[in-house]
Each structure stands twice: as C-alpha cells, then as structure tokens.
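Working notes, structure below.
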Amino acid sequence: MALGKENINDFDEYVRKKIRKLFDFAQKQHGHHKIIEKCRKLQKKCNSEFDELFLKEFTNAIRFTFIYPEKLGVDNILSFVSKYVTTTYIPNEENDILDSTVDETSPFISEILTFLCKTHGAALVDARLRCMQLLTKILSGMPENSLISDEIWMKLKEAVLSRLQDKNSGVRAQAVLSARMLQDPKNPDCEVIKALIFHFNDPSPAVRRAVTSSIALNKITIAHLLARTRDISDNVRRNAYLVFSKIKCLNLTIKYRITILERGLQDRSDMVRKCVEQYVVINWYENFNRDVIKFLKALDVVNCSEVAIKTIEALLKTQPLEDLIKQLKLTEETKLISEENLSPEVVLFWRCLALSFLKDGKEDELESITPNLTILCNFIRRFYLSKEKNETQTEDEKWAEIQNKEILMHLIQLVKVYDFSDEMGRLKLKELIIDILIGPKIQKNIIKALVELLTLVIPNKESFIQELTEVISEIRQPLRTIVTEISQKDKMERNLKISDLKILLNDLQEREYNAVKDKNYSEAQLLKEQIESTKNELKEIEEKPTTLTHEVNEEKNDPVTLCNCLSILIEMIKNSNVRVETPQLLALRENFLNQCMASRDLLTQSLAIEASAQYSILNKEFAKQSFIRFLLMISEDGDNEICIPSLKGVFDIIQTHGLNPLEELQFDNKKSGDENCSLSEKSNNSNGDSIWLNELNESFSEMTCLKNLTALLSCEKLRLNNDLLKRVAYEGLCKLLLTGIIYSPTILSKIIIKGFSPIIDCESEDYIRQTFVVFFPIFASNTPRSQEMIEMVFIPTLKAIESSPLGSPESDINLKDVVAFLVDHTKPEINKFTEKTLHVHNNLSLSLCHEIYKNLQDEEESTALMHIYFKALNLLQISIESENFYQQLQTITKKMEEALTDSYSLRALATFKKNLIKKRSSLDVVSSVENTLATTRNSRASSRLQSKKDFTILSLDKPSSESTIINSKVRESSNRIADETSSSDSADTLNSPKRNKSSRVFVPEIFSFYLFILVDCNKDEVVYKFQEFFYKGNSKNEIAFREFESACEQNPDCMSKMGPERFSCVRKCISPSCHQDLYGDDPLEEGEIDVRLNSFKGCFTQRLNRPRQ
C-alpha cells in the first residue's frame, strides 16, 4: 500500500489501523518474533516523519487493552508489549552483543514507563491490575546492564508503593511483583523493602505469597520470611520453603537451618511436607556434593538429633539406597566403622538406615550393614569403656566426651534392630549393659535407653528387677580392697625365726663340710637333706607378705552415685512389666530411698521425690504417706527442683488412686514432724508452717477432700506466680477434670479465665494455652457431667471477668468470645455421656433470664454485662418441647420486657421472643401432623377389625392454586409420613388376613391434610420491604465481590467478632454506604436469612464503578 505523504490524516489512520492489526495478531499468538519485527519497521517509518505519532497510537492501544472486558488474550498482548519495549535496548540488528553498560535510557521505554506511572491509579480494577502486570513484565525483561533515570525510577517507586495500598488484593499482589526490581537490599532504610515487610501480614494469602517470592534477602528480611513458615495458608508456607530451598545451607545460621527443617518436616499439610522433602532437603543435600555426613554436620546432630533423624528419613524416601550405603564406609569383614571415621553423624546415619530397613522388611539390606551382635557388643565395649575418664579436662576433651556419649546413645538404639535369638550375643549384651550402668557419669537419657534395652534382653519380670537391684547395690556399695601391715610382735617373731633358721643352716653346712672331709658320705647325705629342708622353710618365711589384704563393701553417698542409682530405680519402676511392689523394690524403698530423701543435694532430693511418686503408683498405703510429704514440700519456700516433682507427685497419686483413699488422711503437726524426718528443719519447726498445717487439718475435718485440694491449690504457699509451677498445676488439673476424678466448677472457672487471659511473652504461658486448646474440646465431648459443670460456671465466670480490677490481665478478656466459646461447648448432643433429658441450653436460658431480671432490680449492676447476657441468650439452641419450660420462659420474658428501658436490650429481647415463636409454631405444626397420622392409623386398624369389605377408594379434590406450590420441607415430611405409613402397613400385613389394595388410600389423605396446614399457616404472611438494587450476577461482578469479601473477612477488627456483629463489620468494610442504606435501620439478626444480599451486591457493583475522587 502506497502512502501519500501529503495527507497527514491518512497516515495517522494508517498507523492506527496497523498498530491495531498488530495487537490483534499478538492476541491470538504466543510467539511474537514476526510481529515485533513488523512493529519495529513501522516505528522506524514513523520516526523518520512523525516522532510522536507511533508512541501516541501505541499507548492508546495499550490503554484499550487495560479496559478490555474480556480476559482471553490479554496476557498475550501484555507479553508482546513487554517484549517489544525491552528490545528497544538493542542498538541494531547487526550487533547481537550488548555493551557492558548502557549510558542512557531508551526514549521509547522511558515514555512507556512514564505512561504506566500516570495510568496506575485508574478507577477500573482490571486497568490497575493490567498496568501492574505490564510493569512487572517490562522490569523483568529489561537487561541486567540497563539503566533508568532517577526521575523515572522515583515515579515508578511512587506508583508501586501506591498500588501496594490498593484495596484489591490482586492489584496488591501484582504491585509486589513489580517492586521486586526496585529494591535495594544493601540499604537498611529502603522504602520498598519496608513496604514489602509490612505486607508479610497482608490479609490476602495471594499478596503474602507474592511477597515471599519477591522480597530481597538480607539479615532483616530472612527473619520475617522465617515467620511465614507459620502462616495460616498452606500455599504461603510452601512458597516460603521454596525460597529457603534456593539459599545455600551454609549461608544460614544453624538456628535457622534447624528451625526450617523442624517446622517443615512436621507441617500439618502434606503438600508443605512434600515440598520440604523434595526441595529444601534435596537442594541442601546437593549443596554438600551429595555427602550426607557433611550435611548432617551442618545440622548440629549432638543437640538436635530429632531434626537430623527426620531429615535422614526424608533422604531415604528420594535417594538411591546404594549411594547412601556406600557413604557409611563399613569394613567388609566386620561390617563396622573404623575409629577414625566414628562420629555422631556417621552413627546416627547408620542407626536410621538400619531402622528404616527393619521397618520396610528389607532383611537382606539390613544384614549387609549390621554385624554380628557379639561383634557389635565388643565394639561398643572397646569404644566407650576403654576410654579413660580424667577428672580435669580441657574444653576439647569435654566436647569429645559429649560426642562419645552421643555416639553411645545411637549405638544403643542401633542394637534394637536385632531379634536377640543369638544366646551368646544376648549374654554379651547383658554384660555390656550392666558394665555401662555401673560406669561413672552416665546421662539420664542413656540410662533410660539401657533399661529399655535390658527389658528386651530379660523379658522375665523377676529376673529383670533382680538384675537391676544388684546393679544399684554394686554402684552404691562397690567392693574395695584394704591392705594392712602385720603387727610389730609378728614382725619380731618372724625375724627371730629367720635368724634361727640361718644359724641352723650355717651349722648344717659346716657339719656337712666336715663329714665330706672325713669321707663320711652317708652322714653328709643326711645333712644335705636337712640343709635343703631348712632353705625351703627359710624361703617360705621370707616370701610370706608382711601386709594383709581383704575386700569389703564400701557405701558411697556422693550426689553423683545417688543420682545414678535413683535414675535406674525410676526407669525400672516405670517399666510396663512392673505393676506391683516386689520384695526387692520394698527393700530398696526402705533402705535406699528414705536415705536419699534426707539428702541436702537438690538434684538428689528431686529424683528421690520422683521415685517416691512412682512407688506411690504401686502401693496405695505408701501413697497416703507420700501425699502428706509432698504437700509439706510444696508448702516450703524451696526451689523449683523440689516443688515441681512434689506437685507432679500429688497429681499422679490422685490420678492413680482417686480421692477416696485420701479422705481418711489427717494432718497432725507432731506426727508429720516425726514421720517426715527427711524434711528440712524449717519444715518441722517453722511457726508459719504449723499454722498452715492446723488450717489444713481443720479444712479436712470440715470439708470434703476435693474442696481441700482446691483450697490447697489456691494457697499462697504454692507460689503460682512461678511460671513452671503454673504450668504443672494447670496441666495436672486438666488431667483430673478430663478423667472425671474431680468435679469442681470452681477449678473449671479458673481454667477458663486463664485460657482467655492475654498471653505474656513467656514460653510457659504459651504451653499452658496450648494445653487448654487440646483440653476443652475433649472435656466437653468425652467427660461425663462436663455439661453440668460448664452450665454451673457460665454466669459466675462472666461475673468474675467483669468484676476484675482494671490493669489486671483478666480485664482485657473479651466477654463476647467467652460467651461464644461456652455456648459452642454446650451444644445439644455434643457429649455422648449426657442424658437426653438434660437440656443445658434450656437451663442456661432460664438462668440468664432470671439473672437479667435480678440485675434490673439492682441499679448498681453493669449494663455491659447485661448486654453480654442477651448476647448469650440469642446464641443458645433452645428446645421448647416441654410445655412447662415454655411457660416459664414466657413469664420471665414478660417481666423482663416490662422492666427494660434501654433500646439495645429491648431489641435483643424482641429477637429472642421472635425465635421462640418461630420454634413454637414449627413444633405445633409437626405435632398436629403426627397426631393426625396416629389417629388415621388407629381408625384404619379398627375398620379392618370390623369388616373385611373393600374400602372405597377416595379421590382428592382438585387442588386449589394456593396448594400447588409445595415447599421442599413439605415434600420431605410427606415422604417420611408415607414411609412410616407403608412400613406400618407391611407390619400389619404379617399379622392380618389378606388385604384389599384399596387400603393404601390414606397416604394421599394425610398428604392433602398436611398441605392444608401449610397453606393455612401461610395465609397471613407479611411481605418484607427494603430498598432494592439491580444486580447482574455475572462472573466479573461475583469475582469482584468475593475479593472484597475475602479481604474484609481477614480484617483484624472483623476477625475478633462473632455472629451478626462480624457480618455487619464485613459488610461495612465492603461498602459503608450500601450497608447504611440496607442494614442501617434494620441490622441482620442471629439466625435470619439474608434476603437483602443480592441488593447489597447490586449496590456495591454500582458504586464500585463510580469515578474516584
């Protein structure tokens, strides 16, 4: 087509059509190389004659794309535009290699970026969204060496920061992606990074997910990214782990590595766990050149072995077993690890590999990596028992000892893969376990593992107890060799005898010499024999030692020895095979445990208390004695090492034996001082404790044991301001309530108040809150009489919170949340043990109404608390089948209505009465239908008895127009009636003669009667009028409304509310003006069907498209 240069208008039209044609082609294609080339030629042609013409038409086409209603093909156009704009950096076709730097920004791309900065605030959501999408694509497609002028960069930053505050979550997510190229991670005051950190807490999961992918990583942002591994959205957590998988393991601190793997491998979502296993673990494993030992060394196996075990299990799921087995470097002959390669990481990997093969039933692979049991026992003995224990150690020696103990622990766990069928290996293992237990400085976790292993080696209970009893005896009373010298008298006698023998020997030798000289050979022979005998006697006396040696059992009472013995004793009693107190255990308690209770060492006394608690589980009589002792120890101003195990012992005794055996206890001050001689002198002689004991004794005599326990747990002597004691006390009380051992509304009320109190920055407080989260659902659903208890504490708990002093943690509790919580945990049929005649919500409704009426008589009562009572009243699910209950409610509500004056209470009471009337009318309809059905059955049965004549088939009259519309509920009810009637007919057929077919006509009769009732009930129906807005329910409007609704539902102000208040908050957040027009004068009530929803959507859609001010 030839272009006339003299006709400017024709040329403008030509360029406009050409660009639109190119955009149409780009919309339908994914590859844009040819289109980009044509567009470049057109730009050159325009630049040679008209500089701004091409830019104007090009931006007009982009603007039209932004407002184009259909989404199909828009992404292709945006990709084409971004590709074409970024290609303007290439200087010409002949030079394919870009310069190392670009000094100036391309004028065309500068104009496009300026255009985007001007249009980012469009009124249409799609326009703002597509503007951010195009900006993201352009910034991502720009070369790394490209430069942008400071002026344009500032405009881009302002535009992106503005869109980060957009009310549409999709626009905010795209703005986050656009902000990726505008960050400066080296600048601690970067505004873009601060904005992205703020949006880590965005209510939209899509925005939070985009931030995790886009934010630049530095010391500050990594900490915030780690917090997203606790996000409520599975996709956000998965994306955070994907980002961590791209970071080299060694670039993170050990704390971050352990936290990431611990959270990820234990995540509640299967999708997130698989992501961690397949990406984080594998990528970090490849960072160490697929060397599993180096990988484990980066995870601190000594202090965080559980995380390392889960990591190895994840590797075993994905990696070839042959490659992993080779990394063990076992010797071919013995299948052991050489001492130079022995480390906690290697042994842990060996153990996990063996346990995995055992679990999967891979016997051949298991045999290939495990030696004979006897060989392994000898290996452990050489490794651990042969090492010398120096009293004075350097830091390196101490660390080596810690590593050796960790290696020993893993080797002990490795032994559990054997079946112990080898008799020789079993004997060797038994000797090894005993030798290690007898050794010095054994950690408690190693003792536990050894005792568990000994249970497998010695399954017989008596032999098991006897063996450990001998071990304790040998540790505490080892054999010792004593050397003593002989007395001076014995030494003198010995020396005299030696002198006499030497004189005699000289005399005999001289006589022998003379006899030989005289040639008296027979006499010389006799003398020679005497000489030999004398020499032997002399030699025997000289060789006889001058010292005496004998072995004795020396008793050791040092804290280390006693702690080792107590740890073995505790683990022995905890064993599942030990259920009664045997004579050996009794001897240990009497001869050893009582002595340990008198120790001055806190750790020894703490373990002794724990052992006493274990004995109390086996022996009820000893439990009574220990109960008194534990209470005295709690009452002391001692350390946590004493109070905590004592409090645990109290709960263990009650948990095992209940409260009945403890009712006969009497606290005698003198007697307790005599029996508990192991207590400190302060416990026996303090005047303060004497007064406390007298009060305690008096309370036992006047109250039940349960009330005494409650009073004791509330006593100031417990010092429950201590976090650890709080944790043990609340956990123990929850266990007792859960098992039904105690029935105490007072304790339950305290637990509820504690559960809703604000959490202080304390690990113990967080643990207590988690305990309550697990406790309450199980308690409400599985504990007998729990519903009665919650009913009893309902009003007192609300009063206690309301009357709490200002500044206390209880004063910050939201009473509406407490009400919703208690109502939710007392719903009908929530507890399978609750009797059907017990209606907790019915009882609560009467109690609340009487309490409200009582408060109306007292002018000093809080109006806010009365509003909370009304809130609870409208949340209850009341059953009005009882006529007496209904009359009581009518009476009390009438009195309340006469006494009420404030508008809120009157509206709440009107709502309550309206719900009552609805339930009553529906109940009357159902009861009348059932009565009619029963009457029909009776009349049919009597008619069958009177005559066997055929029944006349009755036909229904022609239905009226009002009765032709059948409600779905009527269909369900009529079907149920028909089923019951037909089933009764079939039942009657078995006991009656052959019936006529016409006997089935009563079903339509009952159905017509039911329709008559329905039509009659709907005659006086009132038409509800409200302002209506037209709403076009297409996908675009629905998506827009859902986006706003989803964002507003995650608003912190709305999330803290419940029921209609939360609904009203969400509607106000979506559109305050529409909410005022539709719900301002008549707010939605609890249980009301929202018939104004479509009008609200129409109002929202119309006002959303208004131009922004």
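Oh and the sequence shown: position 679 is 679 in the UniProt record's numbering, straight run, nothing missing. Here a beta-carbon is modelled for each residue, glycine too, at the ideal position from N, C-alpha and C.
Nearest-angstrom Cα separation, counted from residue j out to residue i
| i | j | result |
| --- | --- | --- |
| Ala800 | Gly755 | 14 Å |
| Ala872 | Lys1097 | 31 Å |
| Asn842 | Asn1037 | 44 Å |
| Ser169 | Ala227 | 21 Å |
| Met424 | Thr374 | 7 Å |
| Leu916 | Leu875 | 12 Å |
| Pro440 | Val301 | 24 Å |
| Ala223 | Thr229 | 11 Å |
| Ser149 | Asn76 | 28 Å |
| Ser1046 | Ser1035 | 16 Å |
| Lys45 | Lys219 | 52 Å |
| Phe464 | Leu479 | 23 Å |
| Arg907 | Tyr1079 | 15 Å |
| Glu332 | Asp396 | 32 Å |
| Ser146 | Thr87 | 12 Å |
| Thr863 | Phe627 | 47 Å |
| Ile458 | Pro745 | 48 Å |
| Thr1101 | Leu134 | 26 Å |
| Phe779 | Glu555 | 50 Å |
| Ile247 | Leu116 | 34 Å |
| Glu151 | Tyr279 | 41 Å |
| Glu485 | Asn495 | 15 Å |
| Phe244 | Leu353 | 27 Å |
| Asn722 | Val728 | 10 Å |
| Phe383 | Asn303 | 21 Å |
Helix, strand or coil at residue i [DSSP, three-state]
| i | result |
| --- | --- |
| Arg480 | strand |
| Ile742 | coil |
| Thr318 | helix |
| Asn460 | coil |
| Ser686 | Confidence in Ser686 is poor, its pLDDT being 36 and thus under 50, which makes the residue's placement too unreliable to answer from. |
| Thr88 | helix |
| Pro1060 | helix |
| Pro205 | helix |
| residue 1142 | Nothing about residue 1142 can be reported from this structure: the residues present for the chain run from 1 to 1109 only. |
| Lys186 | coil |
| His30 | coil |
| Asp601 | coil |
| Phe244 | helix |
| Met271 | helix |
| Gln266 | coil |
| Glu641 | helix |
Residue(s) in a DSSP beta bridge with residue i
| i | result |
| --- | --- |
| Leu330 | Ile337 |
| Thr287 | At residue 287 the sequence reads Asn, which differs from the Thr that was named. In the DSSP output, where bridge partners are listed per residue, Asn287 has none listed. |
Anticipated Cβ contact below 8 Å, residue i with residue j, distance rounded
| i | j | result |
| --- | --- | --- |
| Leu748 | Val793 | 5 Å |
| Ile67 | Val81 | The Cβ separation is near 15 Å, so there is no contact. |
| residue 1160 | Arg237 | The question about residue 1160 has no answer, for the chain in this structure spans 1 to 1109. |
| Leu1084 | Pro1060 | 5 Å |
| Gln174 | Leu129 | 6 Å |
### Query
Just checking, does the stretch 802-816 make contact with the stretch 769-776 on the three C-beta pairs under 8 Å criterion?
no
### Message
Does the contact criterion of 3 or more C-beta pairs under 8 Å hold for the stretch 105-121 versus the stretch 51-68?
### Response
yes
### Message
Is it the case that the stretch 337-356 contacts the stretch 283-299, given that we only count it when at least three CB pairs across the two stretches are under 8 Å?
### Response
yes
### Message
Under 8 Å, with one C-beta from each stretch per pair, do the stretch 257-264 and the stretch 316-326 reach the 3-pair mark?
### Response
no
#### Entry: contact_flag[the stretch 609-624, the stretch 568-576] where n(CB pairs < 8 Å) is 3 or more
yes
### Query
If we count Cβ pairs, one from each stretch, closer than 8 Å, do we get three or more for the stretch 365-384 versus the stretch 401-417?
Counting Cβ pairs under 8 Å, three or more are found: they touch.
### Message
With three or more beta-carbon pairs closer than 8 Å as the criterion, would you say the stretch 167-182 touches the stretch 128-141?
### Response
yes
### Query
Counting Cβ pairs closer than 8 Å, one from the stretch 586-593 and one from the stretch 533-549, do we hit at least three?
no
### Stretch-stretch touch, CB-based, cutoff 8 Å, three pairs: the stretch 820-837 with the stretch 780-787
yes
#### Entry: Segment contact flag, the stretch 878-896 with the stretch 839-856, C-beta cutoff 8 Å, min 3 pairs
Contact between the stretch 878-896 and the stretch 839-856 is established, with three or more Cβ pairs separated by less than 8 Å.
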